[in-house]
Amino acid sequence: MAEHQSRARFFQQHPKARAHAALDHATNQQLKVTPGPVTLTKNKYQGKKAVIIGAGVSGLTAAYELLAQQSGMEVTVLEAQNRTGGRCLSLRTGDTLIEDVDSDLFNSKPGQPQVVRFDRPQGDAEPYLNAGPGRIPSSHKRLLSYLKQFSVDVEVYVMNSESNLVQMSDSFAGLPLVYRRLDHNTRGWLAQMVFENAEQLIKTTECGVTDRDVQSRAEQLKELMISFGELVPSGPNVGKYVVTAGEDGLENGRSRAGYTELPGVDAGTIAEPLSFDSLLASEFWDKTRFYQPVDFLWQATLFQPVGGMDQVQHAFAQHVAELGGTILLNSPVKRIDWDASRQQFAISIAKLGTEDLDVVYADYCFCNLAIPFLKEILSEALQDPNSQVGLNSDFKAALQAVYQSQFVDDHGGYKAKFLACTTKVGWQADRYLWQGSQVQEVHDDSADVDVLSVPDSEIGVVPIFGGISWTDNDITQLWYPSNAYHDQKGVLTGAYNFSEIAYEWGKLPVQARLDKAREGAKLFGQAFGNGLEHGLAIAWQNMPYIKGGWAQWHVVGDQAVHHFNMLAQGSAVKATDGSETQPNFFIVGDQLSSLPGWQEGAIAAALNALTRMECPQMAIPHLSCLPDTRLIVEGV
1 MAEHQSRARF
11 FQQHPKARAH
21 AALDHATNQQ
31 LKVTPGPVTL
41 TKNKYQGKKA
51 VIIGAGVSGL
61 TAAYELLAQQ
71 SGMEVTVLEA
81 QNRTGGRCLS
91 LRTGDTLIED
101 VDSDLFNSKP
111 GQPQVVRFDR
121 PQGDAEPYLN
131 AGPGRIPSSH
141 KRLLSYLKQF
151 SVDVEVYVMN
161 SESNLVQMSD
171 SFAGLPLVYR
181 RLDHNTRGWL
191 AQMVFENAEQ
201 LIKTTECGVT
211 DRDVQSRAEQ
221 LKELMISFGE
231 LVPSGPNVGK
241 YVVTAGEDGL
251 ENGRSRAGYT
261 ELPGVDAGTI
271 AEPLSFDSLL
281 ASEFWDKTRF
291 YQPVDFLWQA
301 TLFQPVGGMD
311 QVQHAFAQHV
321 AELGGTILLN
331 SPVKRIDWDA
341 SRQQFAISIA
351 KLGTEDLDVV
361 YADYCFCNLA
371 IPFLKEILSE
381 ALQDPNSQVG
391 LNSDFKAALQ
401 AVYQSQFVDD
411 HGGYKAKFLA
421 CTTKVGWQAD
431 RYLWQGSQVQ
441 EVHDDSADVD
451 VLSVPDSEIG
461 VVPIFGGISW
471 TDNDITQLWY
481 PSNAYHDQKG
491 VLTGAYNFSE
501 IAYEWGKLPV
511 QARLDKAREG
521 AKLFGQAFGN
531 GLEHGLAIAW
541 QNMPYIKGGW
551 AQWHVVGDQA
561 VHHFNMLAQG
571 SAVKATDGSE
581 TQPNFFIVGD
591 QLSSLPGWQE
601 GAIAAALNAL
611 TRMECPQMAI
621 PHLSCLPDTR
631 LIVEGV
């Protein structure tokens with residue numbers, strides 16, 4: 001079953017889907033809403049305690065800001081795992097990766113460990129795999145601002161190279177094609193069609209051209225198409241898409257789609273264009289995520305921290321500690337209750353190796369857990385939807401709606417739930433497998449001399465430096481490393497898939513996933529697939545304390561927007577006498593942002609919660625539509 005569907009088809013099937021959230025003006029005009037993240041009043045919370053559950057990026061952001069802005073709050077972060085970062089996970093040699101045996105949130109058991117065994121040849125940079133987030137769009141200003149503030153170096157992440165490959169099982173004999181060839185051949189043929197029908201298109205398209213300007217605009221459209229599609233600019237073939245290495249001995253070739261022999265000593269040989277019929281028949285735009293790199297979030301320039309994405313949480317955690325905050329690892333929270341006598345949250349923590357519980361108290365609780373975990377962690381007194389006490393009624397109703405979208409009977413098959421299924425595979429390999437061989441002495445039999453060249457199989461092949469190759473195979477995509485290009489070895493992401501395919505992969509043993517990933521890689525060349533080594537597989541729906549890649553609000557139901565907005569406000573605690581606190585319980589994380597699945601969203605949610613705490617008389621702006629993670633994470 002093909003996993004990918006075209007964006008057009010996606011919108012046909014999901015007419016309410018939006019890539020980005022918009023403000024609900026009608027609602028917000030009735031509310032006094034915050035203009036954006038506000039600063040905290042210095043020492044306003046002197047003597048108060050904040051407990052942050054979860055040391056993901058959102059939880060660490062909340063902790064850092066409470067301390068850096070000198071709120072006066074005592075800050076403790078409780079993290080169930082033995083590391084910070086949550087889904088932000090970079091794996092290096094010697095690390096151990098242990099999934100649970102299944103995706104059950106509460107009753108699962110640890111599976112078999114995977115040990116990272118990447119080689120490090122002398123002179124190579126330390127190899128790592130970003131098993132979670134792997135890129136930072138340049139539009140994510142808050143995250144980049146923190147990294148600059150924390151002196152975390154970043155480097156360019158290459159989302160797309162025109163040298164990347166595209167492979168489809170039922171098109172072009174199943175052979176991988178160079179991205180630039182599909183890209184520019186398509187542009188060329190489309191441009192020729194527009195050129196030949198320019199005047200008619202100007203007349204019949206609602207583009208605001210007056211009758212008197214039709215002729216001039218048609219000529220301008222033709223000129224645009226010559227540039228857009230690399231058409232013949234003059235002469236008997238004007239407006240035709242004809243590739244050529246040059247005319248009259250001049251280097252003026254039309255060569256955007258690439259060469260079969262690269263120019264250098266010789267002029268080179270231009271690749272013959274693929275026919276428009278074969279391009280249309282292939283449906284490359286539908287069977288792969290070919291055009292994902294032109295979507296807003298993936299447009300150049302993107303970044304990655306030097307040395308691994310986990311430099312993000314390490315920087316946050318270091319600053320939290322320096323500012324006097326406490327981060328307790330191996331501290332899974334088992335219960336959140338309300339102590340009416342103390343007017344504080346009572347938070348019970350498991351003591352590893354025993355059945356004992358420690359209890360810490362907090363005036364404010366920031367919960368950086370995936371919402372479905374609260375079903376068994378929040379006390380009944382706080383979340384009972386039929387009770388008038390505890391958390392706010394709308395907040396409790398929203399929790400119930402999320403629970404219902406997660407804890408559904410899938411009857412042993414795939415069913416989309418609140419927490420999305422996604423899997424990745426990582427490999428290490430020699431870089432020559434995608435970057436090509438170095439120029440060296442090669443014997444030319446025809447002239448019986450040694451020449452400086454590359455092997456015959458690489459003539460005309462432009463090396464791949466970064467970017468993503470696409471396929472309609474289950475692996476979906478191959479990420480090439482965007483760093484240390486001159487190293488001997490590199491680490492690739494050998495599969496990144498979603499939804500039903502990821503669900504099925506997650507049920508497989510690790511070795512079976514690696515076998516499937518290797519078979520997918522062989523579609524890009526037998527030598528390439530056979531050269532992959534030291535494989536790692538991660539199914540995020542199986543990861544303890546996480547159990548998914550991101551939130552999927554589209555499965556919550558018709559009232560999803562309302563429930564999202566209610567959760568984003570946080571909640572007060574109401575007592576039996578009818579009195580209630582100021583808002584003091586907040587859910588954070590990218591799950592409550594317009595950028596689910598992105599670290600920028602995690603930061604935004606933390607800042608929203610702090611703003612609501614500081615200004616309880618003001619609301620976080622309501623959204624009229626929710627972001628659809630299938631668009632802004634998976635790149636449908």
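Mapping of the sequence shown onto the UniProt record's numbering: position 70 corresponds to residue 70, and the numbering continues sequentially without gaps. Beta carbons are placed, not taken as given, at the ideal position from N, Cα and C, and that holds for glycine. Treat the numbers as computed from the prediction; the structure is a model and nothing was measured.
* Asked: Taking one C-beta from the region 43-53 and one from the region 355-364 each time, how about it: are there three or more such pairs within less than 8 Å?
  -> yes
* Output the boundary residues of the alpha helix (DSSP H) element that contains isoleucine 501. => It spans 499-506 - the alpha helix (DSSP H) in which isoleucine 501 sits, taken as one unbroken run.
* At which residues does the beta strand (DSSP E) containing threonine 186 begin and terminate? -> First-last for threonine 186: 179-196, but that is the alpha helix (DSSP H), not the beta strand (DSSP E).
* Buried or exposed: which applies to glutamate 272, given that a residue is buried once 16 or more other Cβ atoms fall within 10 Å of its Cβ? -> An exposed status is given to glutamate 272, since fewer than 16 other beta-carbon atoms sit within 10 Å of its beta-carbon.
* Applying the criterion that 16 or more other CB atoms from any shown protein chain within 10 Å of the CB defines a buried residue, is lysine 424 buried or exposed? -> buried
* Count the other C-beta atoms from every protein chain shown that fall within 10 angstroms of the C-beta of glutamate 355, then say buried if there are 16 or more, exposed otherwise. => exposed
* Asked: Does the Cβ-Cβ distance between glutamine 311 and valine 214 come in under 7 Å?
  -> no
* If we count the other Cβ atoms within 10 Å of its Cβ and call it buried at 16 or more, is tyrosine 157 buried or exposed? -> buried
* Contact under 7 Å by Cβ, glycine 85 with aspartate 100 -> When the beta-carbon positions are compared, glycine 85 and aspartate 100 stay at least 7 Å from each other.
* To do: Helix, strand or coil for glutamate 99, going by three-state DSSP, please let me know.
  => strand
* Below 6 Å CB to CB, which residues in the same chain sit around glutamine 13 once its five sequence neighbours on both sides are set aside? => Same-chain partners within the cutoff: there are none.
* To do: Can you say whether proline 113 is buried or exposed, counting buried as having 16 or more other CB atoms within 10 angstroms of its CB?
  => exposed
* Asked: Smallest Cα separation from serine 145: which of Ser255, Glu206 and Gln599?
  -> Gln599
* **Coil, strand or helix - alanine 21 by DSSP** => For alanine 21, the predicted structure reports a pLDDT of 43, less than 50, and the residue's modelled location is therefore unreliable. A value from the coordinates is still provided. Reduced to three states, the DSSP call for alanine 21 is coil.
* **Continuous alpha helix (DSSP H) stretch holding tryptophan 553: start and end** => Per DSSP, tryptophan 553 belongs to no alpha helix (DSSP H) and is neither H nor E.
* **Neighbourhood of glycine 249 by C-beta, 8 Å cutoff - its chain only, sequence neighbours within 5 removed** => Because glycine 249 sits at a pLDDT of 46, beneath the cut-off of 50, its placement in the model cannot be relied upon, and the point is left open.
* Asked: Out of Leu297, Leu532, Lys240 and Ile620, which has the shortest C-alpha to C-alpha gap to valine 588?
  -> Ile620
* Asked: When you compare only the Cα positions, how much space is there between glutamate 162 and alanine 125?
  -> 26 Å
* Of all Cβ atoms in chain D, is any one closer than 7 Å to the Cβ of glycine 535? -> Absence of chain D from the displayed structure is noted, only one protein chain being present.
* Which value, in whole angstroms, describes the spacing of the CA atoms of methionine 618 and serine 139? -> 27 Å
* Given threonine 629, which residues of its chain have a CB within under 6 Å of its CB, disregarding the five upstream and five downstream residues? -> Trp550, Gln552, Pro596 and Gly597
* Collapsed DSSP secondary structure at proline 621 in the structure displayed -> coil
* Asked: Mind checking whether glutamate 74 and alanine 55 have CB atoms under 7 Å apart?
  -> no
* Look at the alpha carbon of isoleucine 632 and the alpha carbon of alanine 398, and state the distance between them as a whole number of angstroms. => 23 Å
* Asked: Secondary structure at arginine 83, three-state DSSP: helix, strand or coil?
  -> DSSP, read as helix, strand or coil, puts arginine 83 in coil.
* Asked: Are at least three pairs of beta-carbons, each pair with one atom in the region 501-514 and one in the region 438-458, less than 8 Å apart?
  -> no
* Beta carbon of leucine 419, beta carbon of alanine 495: below 7 Å? -> Alanine 495 is positioned such that its CB atom lies no closer than 7 Å to that of leucine 419.
* threonine 269 bridges to which residues according to DSSP? -> Threonine 269 pairs with Glu261.
* With DSSP as the reference, label proline 110 as helix, strand or coil. => strand
* Asked: Using the beta-carbon count (16 or more within 10 Å), is proline 233 buried or exposed?
  -> Sixteen is the threshold: since fewer than 16 other Cβ atoms of the shown chains lie within 10 Å of the Cβ of proline 233, the residue is exposed.
* Separation of tyrosine 545 from valine 333, as counted between CA atoms -> Cα to Cα, the separation comes out at about 10 Å.
* Asked: How far does the alpha helix (DSSP H) with histidine 314 in it reach, from first residue to last?
  -> 311-322
* Minimum C-alpha distance to arginine 289 - residue among Leu492, Trp470, His562 and Arg83 -> Trp470
* Where do the ends of the beta strand (DSSP E) carrying glutamine 344 lie? -> Segment 344-350, the beta strand (DSSP E) holding glutamine 344.
* Asked: Sorted by chain position, which residues of the same chain lie with C-beta nearer than 7 Å to serine 571's C-beta, five sequence neighbours on each side aside?
  -> Answer for serine 571: Leu391, Asn392, Phe395, Pro583 and Phe585, listed in chain order.
* To do: Buried or exposed for histidine 443, please, with buried defined as at least 16 other CB atoms from any protein chain shown within 10 angstroms of its CB.
  => exposed
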